[in-house]
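Read the structure below first, then the notes.
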Amino acid sequence: MAIAGGTVRTRDLDVCGPAGEELFTAYRVDTAVFGVGGVDADGSLLDYSREEVRIREVMMRHARRSFLVLDASKFGRPAHVRGGGIEDVSAVFCDAELPPAIRDRLAQSDTAIVPCPPLLPGDPASP
127 MAIAGGTVRT RDLDVCGPAG EELFTAYRVD TAVFGVGGVD ADGSLLDYSR
177 EEVRIREVMM RHARRSFLVL DASKFGRPAH VRGGGIEDVS AVFCDAELPP
227 AIRDRLAQSD TAIVPCPPLL PGDPASP
């Protein structure tokens with residue numbers, strides 16, 4: 127197992143920086159799984175630093191498929207660094223219905239939409 131190096135950001139507990147980029151560049155993987163800081167109304171993927179965008183772009187380039195995992199609060203959430211579009215990923219996993227403009231945009235792409243309804247208390251799959 128290889129683990130990404132780089133700077134661990136304490137707030138988000140993710141890894142960014144050149145060491146992480148080098149790791150993801152060295153491998154060709156089946157699936158990259160990642161989140162974003164926000165999704166703009168036009169479908170732009172947004173983050174809070176260029177480092178976050180760069181590591182996501184490297185992951186996507188070196189994976190056969192890419193899964194964007196997010197909750198509904200990411201739609202319209204302001205983040206100032208743009209990096210690609212929602213239609214660039216293989217699948218979007220979300221806990222709520224996507225906004226109509228985003229749904230329409232994805233309908234014109236090969237991106238799958240995977241609904242992930244929240245677990246209810248008492249559900250056997252609930253932690």
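Mapping of the sequence shown onto this note's numbering: residues 127 to 253, in sequence order. From the three backbone atoms N, C-alpha and C, an ideal C-beta is built for every residue, glycine too.
Residue environment: Cys220 is assigned as buried (16 or more neighbouring CB atoms within 10 Å of its CB, all protein chains considered). Its chain contains Phe201, Val218, Leu232 and Ile239 as the residues whose beta carbon lies nearer than 8 Å to that of Leu224, once the 5 sequence neighbours on both sides are disregarded; these appear in chain order.
In terms of CA proximity to Gly161, Leu172 leads the group Tyr153, His206, Leu172 and Gly143. If you draw a 10 Å sphere on the C-beta of Ala158, you find 16 or more other C-beta atoms in it, and that means buried. As summarised for the stretch 144 to 217, the continuous alpha helix (DSSP H) elements at least 4 residues long and confined to that stretch are 144 to 152 and 176 to 187, given in chain order.
In this structure, DSSP gives Ala222 a state outside helix and strand, which the three-state scheme calls coil. Contact between Arg176 and Val207 holds: CB atoms are separated by about 6 Å, below the 8 Å threshold. The Cβ atoms of Arg180 and Ser216 lie no closer than 8 Å to each other. Secondary structure note for Pro241: its beta strand (DSSP E) is the uninterrupted segment Ala238 to Pro241.
For Asp230, the secondary structure class from DSSP, reduced to helix, strand or coil, is helix. Distance from the Cα of Asp197 is smallest, within the candidate group Ala205, Ala222 and Pro250, for Ala222.
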